[in-house]
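Sequence order for the protein chains is A and B. Taking this note's numbering, the leading residue of the first sequence gets 33, the next gets one more, and so forth. Taking this note's numbering, the leading residue of the second sequence gets 2, the next gets one more, and so forth. Where is the CB? At the ideal position from N, CA and C, for every residue including glycine. Keep in mind that this is a model prediction, so the values were computed, not measured.
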Amino acid sequence: MKTDIILAGVGGQGILTIAAAIGFASLYEKKFVKQAEVHGMSQRGGAVQSHLRISDGPVSSDLIPLGHADLILSVEPMEALRYLPYLTRQGWVVTNSVPFENISDYPSINRIEQELKALPFSIWINADQIARDCQSPKSSNIVMLGAASAYLGLGFDSLRAGVEQVFKRKGSEITDANIRALEAGRNCSLKI
Amino acid sequence: MQQLVLLGAESIAQGALDSGISGVYAYPGTPSTEITEYIQKSRLTKEKGIHSAWSANEKTAMEAALGMSYSGKRAIVCMKHVGLNVAADGFINAAITGCCGGLIVVVADDPSMHSSQNEQDSRFYADFALLPVLEPTNQQEAYDMVFAGFDLSEKFGLPVMMRITTRLSHSRASVTTRSMMDQNTLKLPEDPQQFILLPSIARKRYKRLLGIQADLAAESENSVFNQYFSGTDNSLGIITCGIAFNYLQENYPSGIPYHVLKISQYPAPLDQVRKLTENCNSILVLEEGYPLLEKGLKGLLNNTSIPIKGRLDGTVPRDGELTPDIVAIALGLEVNPGPDIPDFLASRPPSMCKGCGHIDTYLALIEALKPFGTGRTFSDIGCYTLGALPPFEAVNSCVDMGASITMAKGAADAGLVPSVAVIGDSTFTHSGMTGLLDAVNENSSITVIISDNETTGMTGGQTSSAFGRLENICLGLGVLPEHLRLIYPFKKNHDANVLTITEELNYSGVSVVISRRECIQTAVKHKKDQKS
């Protein structure tokens with residue numbers, strides 16, 4: 033069993049936090065993991081992505097080959113489209129619907145929505161709203177992780193433990209808020 | 002023994018801690034920064050008194066590490082590829098002096114220029130300096146190689162280069178650690194003249210360096226990091242360097258049919274290369290970087306008995322990093338990408354943060370320069386280089402650390418008056434000070450804007466050597482007090498700032514305008530730290 037995941041977003045939106053939580057969860061399940069990140073210049077408001085590979089056996093390449101990703105998990109709608117060539121035919125795209133508009137030529141959100149909904153397997157949710165609704169407004173990234181949790185090939189308990197591991201340094205209040213966000217995201221995607 | 006999930010950079014840092022270093026020396030630079038940061042944050046660093054403060058630049062770092070090695074202790078020095086240009090004088094000559102305590106020079110190359118101005122391949126420097134290179138394939142090997150590197154360094158009394166690239170440095174995987182070694186004890190060199198490179202001694206030291214090349218080659222032949230895998234298909238032999246091996250494996254999940262030579266230690270193991278060429282009808286060289294081995298294999302006359310394929314004949318693109326897909330295409334395998342990217346997708350380049358002081362500095366400079374015309378602003382390496390992009394388009398150069406001041410001086414010498422330099426505080430103390438001294442000595446008509454965000458911003462907010470010292474440094478170098486101006490780049494100060502810059506643009510001589518406002522990212526971090 034092997035799951036290849038592209039995490040997408042804009043620098044500062046918290047995709048490395050998602051990656052860290054999935055990484056911990058994979059270790060609890062004694063899986064092999066490789067996770068390539070983007071550091072440096074591109075982090076300043078630019079498009080960023082992380083390649084995350086989880087497997088029962090050793091992983092060779094740090095990068096996912098084109099056409100191999102089982103999941104594109106994006107915290108920003110346009111960024112989800114940027115990595116489509118990595119997606120397998122049976123792959124899922126799970127994306128936040130709230131745009132991050134820091135460029136002047138941001139395309140029409142309707143076109144982006146149409147494009148994503150035309151894919152065979154996609155989930156489009158307003159993670160910012162769900163995060164606010166569960167009193168954890170800064171956790172839209174973790175809402176997205178919850179929304180994608182069914183497609184990661186990992187148990188939800190492991191994922192919850194992964195999120196706890198990531199936030200435990202910041203105290204129980206922040207940890208609890210993120211667990212709420214994780215569960216809210218999960219529930220929302222199950223309803224779709 | 003512990004199992005940790007570490008970035009490639011962090012694996013090297015953990016390896017260095019566990020193999021008993023007494024110090025790390027470095028200047029921040031993507032993709033090498035995380036090595037030093039990891040050591041700085043480690044509990045062991047404090048407990049064991051390991052040196053980990055940032056150096057002013059890569060040259061001072063290289064030389065300080067050599068001094069630690071002189072004293073018998075183990076040191077690593079870390080930099081990005083272009084940092085090795087700055088440290089090159091020390092690096093090349095450290096090959097001649099040799100070292101005492103183990104000395105590893107970690108250089109992180111950035112093929113595809115994710116965060117750099119070129120994609121130079123540091124293995125050429127090691128080849129030139131006649132030093133061995135270790136090039137890990139994965140995070141575990143990166144960790145293990147630090148131990149092997151120190152052993153090699155102390156066995157031959159030579160610095161060892163460890164070369165990584167962006168993808169390994171910034172990729173995480175599980176690493177099994179070993180128990181921690183003790184630090185070396187303080188000990189003077191056995192030969193008191195070893196480090197005195199007067200010509201008469203340097204000639205002897207150089208002969209020694211030449212003399213041990215055969216031994217270094219023998220080490221490579223027997224290295225556990227270099228491996229020959231026999232295949233069933235003789236039509237092709239493949240040489241991989243560094244992480245290229247992973248991409249090759251990725252393309253053959255059920256086993257590689259060809260003979261493969263995985264090279265992770267240089268000088269290249271020539272017996273094994275010979276064996277590969279004898280067993281196969283053609284050779285494909287997969288190198289993450291420039292075609293170093295491929296060029297060597299082909300030779301000047303390109304008259305090898307079997308075809309050599311790689312970056313030079315177009316089988317692999319001449320530039321850019323490797324990917325599993327590029328390797329697949331080079332092997333004639335099919336690549337099946339998913340859906341196309343819609344054509345309406347906009348690109349999202351990096352940009353300066355909202356509330357960044359560089360922005361207000363540029364807005365004031367652009368307005369002050371209106372009467373003089375554009376095309377006269379030389380910039381440097383940092384977040385403020387993003388001022389080259391719309392909507393600012395405020396600068397006309399970005400070449401290397403410190404080049405803003407010296408290029409402005411040269412342009413002023415040529416008659417482009419006034420010429421302006423825009424440089425960050427950390428870049429200024431890295432390599433700008435000497436250029437400013439040149440300008441002061443000739444009273445060149447330049448206006449230097451030091452955009453002082455009180456940190457090394459681009460690489461994530463490391464301590465700036467310039468912090469709290471800029472005014473005194475400039476005055477000490479001979480800038481006149483009346484032409485050393487301080488402004489605060491906020492919207493409300495815009496008109497006053499334009500006026501100050503205009504006054505200095507009109508002065509024919511050296512002016513320095515320090516534009517000071519804390520980096521928005523470090524300001525947020527400081528606020529958080531205060532809260533907790």
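Within its own chain, the residues whose Cβ lies closer than 7 Å to the Cβ of Ser-171(A), once the five positions on either side in sequence are excluded, are Ala-163, Ala-209, Asn-210, Ala-213, listed in chain order. Listed along chain A, no residue sits closer than 8 Å to Pro-112(B) by beta-carbon distance, the nearest being about 13 Å off. As computed with DSSP, Thr-177(B) is found in a beta bridge with Gln-4(B). The straight-line gap separating the alpha-carbon atoms of Ile-488(B) and Asp-414(B) is approximately 27 Å. Counting only runs of 4 or more residues that sit fully inside the segment 39-100 of chain B, the alpha helix (DSSP H) segments are 44-49, 59-71, 82-98, in chain order.
With fewer than 16 other Cβ atoms inside 10 Å of its own Cβ, Asp-216(B) counts as exposed. Judged by DSSP secondary structure, Asn-142(A) falls within the alpha helix (DSSP H) whose first and last residues are 141-149. At least one CB of chain B lies nearer than 8 Å to the CB of Gln-67(A). If you check the CB distance, Pro-292(B) and Gly-315(B) do not come in under 8 Å.
According to DSSP, Ile-488(B) shares a beta bridge with Ser-516(B). Ala-497(B) and Ile-515(B) have their C-alpha atoms roughly 14 Å apart.
Per DSSP, Ser-221(B) is one residue of the alpha helix (DSSP H) stretching across 214-223.
Leu-189(B) sits exposed, since fewer than 16 C-beta atoms from the chains shown fall within 10 Å of its C-beta. Under DSSP, Leu-105(A) shares a beta bridge with Leu-39(A), Val-126(A). In this structure, DSSP gives Ile-96(A) a state outside helix and strand, which the three-state scheme calls coil.
Ranked by Cα distance from Pro-351(B), the first of Asn-337(B), Thr-386(B), Ala-329(B), Ile-330(B) is Thr-386(B). Here Thr-49(A) has Asn-173, Ile-174, Val-198 as same chain residues with Cβ atoms under 8 Å from its own Cβ, once five neighbours each way along the sequence are excluded. Less than 8 Å divides the Cβ of Ala-40(A) from the Cβ of Ala-112(A). Between the C-alpha atoms of Asn-128(A) and Asn-219(A) there is a straight-line separation of about 15 Å. The segment 43-68 of chain A is shown to contain whole alpha helix (DSSP H) runs of 4 or more residues at 47-60, in chain order. At least one C-beta of chain B is nearer than 8 Å to the C-beta of Asp-137(A). Against chain B, the CB of Ala-79(A) has a partner CB under 8 Å away; the residue lies at that interface. DSSP places Leu-476(B) within a helical segment (H, G or I) once states are collapsed to three. DSSP places Arg-164(B) within a strand segment (E or B) once states are collapsed to three. When the beta-carbon positions are compared, Gln-140(B) and Ser-12(B) come within less than 8 Å of each other.
For Thr-324(B), at least one C-beta of chain A is nearer than 8 Å to its own C-beta. Any Cβ of chain A closer than 8 Å to the Cβ of Thr-428(B) would place that residue at the interface, and such an atom is absent. Three or more pairs of CB atoms, one per stretch, sit closer than 8 Å, so the segment 55-75 of chain A contacts the segment 28-38 of chain B. In this structure the segment 225-233 of chain B does not touch the segment 164-182 of chain B; the number of beta carbon pairs closer than 8 Å is below three. DSSP places Gln-81(A) in the uninterrupted beta strand (DSSP E) bounded by 79-87. Check the Cα spacing between Phe-491(B) and each of Asp-439(B), Asn-94(B), Arg-518(B), Asn-473(B): the tightest is with Arg-518(B). By the C-beta criterion, the segment 129-145 of chain B is judged not to be in contact with the segment 42-49 of chain B, since fewer than 3 inter-stretch pairs fall below 8 Å.
Rounded to the nearest whole angstrom, the C-alpha separation of Ser-306(B) and Lys-276(B) is 14 Å. Contact annotation: in the segment 192-203 of chain A, no residue has its CB less than 7 Å from a CB in chain B.
Neighbours of Asn-134(A) in chain B, taken as residues whose beta carbon is under 8 Å from its own, are Arg-349, Ser-352 in chain order.
In the three-state scheme derived from DSSP, where H, G and I count as helix and E and B as strand, Gln-118(B) is classed as coil.
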